[in-house]
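The sequence shown begins at 1 in full-length UniProt numbering and counts up one residue at a time.
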Amino acid sequence: MKPARIVSAQAIDDHNLIIKFTNNELKKYDISKLLDNPMFYPLKNPAFFRNFIIDSGGYALVWNEDIDISEYELWQNGITITNEKLISHFGIFHVE
1 MKPARIVSAQ AIDDHNLIIK FTNNELKKYD ISKLLDNPMF YPLKNPAFFR
51 NFIIDSGGYA LVWNEDIDIS EYELWQNGIT ITNEKLISHF GIFHVE
C-alpha cells in the first residue's frame, strides 16, 4: 500500500512535526534520530527547522535543495495521533 500524500504540516516544537495526510490521518514525527546525520545538521536550528514547504505533489517536506523528508518516511515512522483533542486542534492547520 502506498502511503498517503502530505496535505499540511506544522512544526510543534524544535524537533517534532504534525503531518496531515490525504486520508485525513494525522501523524507526529520526531526528527531527533535524523540529527546525527550531517546532512540534517541544519535542522538543529529551530528557525531553519520551522521554515519548510510541502512538495507540490505532497511527496515530501522540503527545507532546501539538499534537505527533505519523504511522505513515505513520515508515514512509516510517524506516530498516529488518535487523541480527539489533538485531532481537533491540529486538524485545521495548513502550511503552504
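Where is the CB? At the ideal position from N, CA and C, for every residue including glycine.
* **Distance, Phe-21 Cα to Ser-8 Cα** => Mapped onto the sequence shown, residue 8 falls at position 8. Mapped onto the sequence shown, residue 21 falls at position 21. Their backbone Cα atoms lie some 7 Å apart in a straight line.
* Asked: How many angstroms separate the CA atom of Asp-68 from the CA atom of Pro-3?
  -> Working through the sequence shown from its first residue, we reach residue 68 at position 68. Working through the sequence shown from its first residue, we reach residue 3 at position 3. About 16 Å.
* Would you list the one or two residues that DSSP bridges to Ser-8? => Position 8 of the sequence shown, counting from 1, holds the residue named residue 8. Its beta-bridge partners are Lys-20.
* Answer yes or no: do Leu-34 and Lys-44 have a C-beta to C-beta separation smaller than 8 Å? => The sequence position of residue 34 within the sequence shown is 34, counting from 1. The sequence position of residue 44 within the sequence shown is 44, counting from 1. No. Outside cutoff.
* **Candidates Asp-66, Ile-19, Phe-48 and Pro-46: closest to Gln-76 by CA position** => The sequence position of residue 76 within the sequence shown is 76, counting from 1. Checking every option, the nearest Cα to that of Gln-76 belongs to Ile-19.
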